[in-house]
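Residue 648 in the working numbering is what sits at position 56 of the sequence shown, and the numbering runs on without skipping anything.
Let me begin by presenting the structure, written as structure tokens, before commenting on it.
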Amino acid sequence: MDWKQIEGKWTVEEWLQKEIETQLCYEYISGTLLEMQGGNFPHSSINMNVLTYFNMQFRGRDCKVFGTRFRVQITPTIYLYPDGSAVCGDVICADNEQTMFANPTLIIETISPTSAYRDMGIKLDYYQVPSVECVLLVDHSRPHIRLHTKTERGWLMISYSGLDAVVPVTVFDIQLPLSEIYLDIEFDSPSSSA
Numbered sequence: 593m594d595w596k597q598i599e600g601k602w603t604v605e606e607w608l609q610k611e612i613e614t615q616l617c618y619e620y621i622s623g624t625l626l627e628m629q630g631g632n633f634p635h636s637s638i639n640m641n642v643l644t645y646f647n648m649q650f651r652g653r654d655c656k657v658f659g660t661r662f663r664v665q666i667t668p669t670i671y672l673y674p675d676g677s678a679v680c681g682d683v684i685c686a687d688n689e690q691t692m693f694a695n696p697t698l699i700i701e702t703i704s705p706t707s708a709y710r711d712m713g714i715k716l717d718y719y720q721v722p723s724v725e726c727v728l729l730v731d732h733s734r735p736h737i738r739l740h741t742k743t744e745r746g747w748l749m750i751s752y753s754g755l756d757a758v759v760p761v762t763v764f765d766i767q768l769p770l771s772e773i774y775l776d777i778e779f780d781s782p783s784s785s786a
């Protein structure tokens with residue numbers, strides 16, 4: 593998903609009221625609002641494939657998968673909308689209305705060319721909080737996933753490329769085949785020079 597910054601400094605209460613009034617999603621970062629804008633067909637399809645795959649794998653487990661419209665509280669001054677997330681164990685809601693939670697275990701971001709810098713930079717840093725065990729960065733322009741896993745020594749990133757690749761998400765004992773994630777997705781072929 594893409595985003596655009598809204599002018600002004602906002603309180604958490606003003607941000608929540610703006611979302612109610614406009615029916616739009618805004619990430620909140622220390623007083624700054626970033627309007628979340630829609631993605632395109634590949635982005636949406638890939639994201640749905642990832643969420644569906646995890647939802648199926650988590651059946652019978654104490655894990656719940658959430659889509660793009662569910663807020664995640666990172667700190668009391670940072671609230672984000674990942675493309676997907678999951679909580680294993682009890683969900684700790686950050687508000688009485690149960691519209692956001694504070695203990696994600698898994699974060700999923702589907703990366704587009706316009707969101708790559710932000711998703712792979714500042715948002716990735718924000719996601720490295722105690723409850724998060726792994727972050728999946730899923731490329732929407734080619735079959736490529738970056739898996740960031742929390743270890744005792746810090747965060748480890750391993751990349752997986754190609755439709756034959758399988759991502760071992762060991763935190764959840766899940767094998768994630770890229771062929772499933774990119775099912776029915778057509779990629780632009782590199783242009784040839786004359």
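Note that the Cβ used here is the ideal one computed from N, Cα and C, for glycine as well.
Note that the structure is predicted; figures quoted are calculated from it, not measured.
The straight-line gap separating the alpha-carbon atoms of THR614 and LEU608 is approximately 10 angstroms. Cβ-Cβ distances below 6 angstroms link GLN665 to TYR671, ALA686, MET692 and ALA694 in the same chain, with the five nearest sequence neighbours on each side left out; the list follows chain order.
Annotated three-state conformation of VAL759 is strand, per DSSP. VAL642 places its beta carbon less than 8 angstroms from that of ILE773.
Annotation for MET712: no beta strand (DSSP E) segment contains it, and DSSP assigns it neither H nor E.
Taking THR669 as the centre and dropping the five residues before and after it, the same chain places the C-beta of VAL604, TYR620, ILE621, SER622 and GLY623 closer than 8 angstroms to its C-beta, in chain order. Counting of Cβ neighbours within 10 angstroms places ILE700 among the buried residues, the total reaching 16 or more.
Under a 10 Å Cβ-count criterion, ASP682 is classified as exposed, with fewer than 16 other Cβ atoms of the shown protein chains found around its own Cβ.
Between the alpha carbons of LEU729 and PRO705 lies a distance of about 13 angstroms. DSSP places VAL679 outside any alpha helix (DSSP H); the residue lies instead in the beta strand (DSSP E), whose first and last residues are 676 to 680. In this structure, the beta-carbon distance from VAL727 to THR697 does not fall below 8 angstroms. Taking every protein chain shown into account, the CB of PHE779 has fewer than 16 other CB atoms within 10 angstroms, so this residue is exposed. In the three-state reduction of the DSSP assignment, TRP607 falls in the helix class, which pools H, G and I.
About 6 angstroms separates the beta carbon of PRO634 from that of ILE777, a gap short enough to meet the 8 angstroms contact definition.
Per DSSP, reduced to three states, the secondary structure at LEU770 is helical. A Cβ-Cβ contact shorter than 8 angstroms links LEU768 with TYR645.
Secondary structure within the segment 631 to 685: the beta strand (DSSP E) runs of 3 or more consecutive residues, fully enclosed, are 655 to 658, 663 to 667, 670 to 672 and 676 to 680 (chain order).
The beta carbon of ASN647 sits closer than 6 angstroms to those of VAL657, all from its chain and outside the five residues before and after it, given in chain order.
Secondary structure note for GLY746: its beta strand (DSSP E) is the uninterrupted segment 746 to 753.
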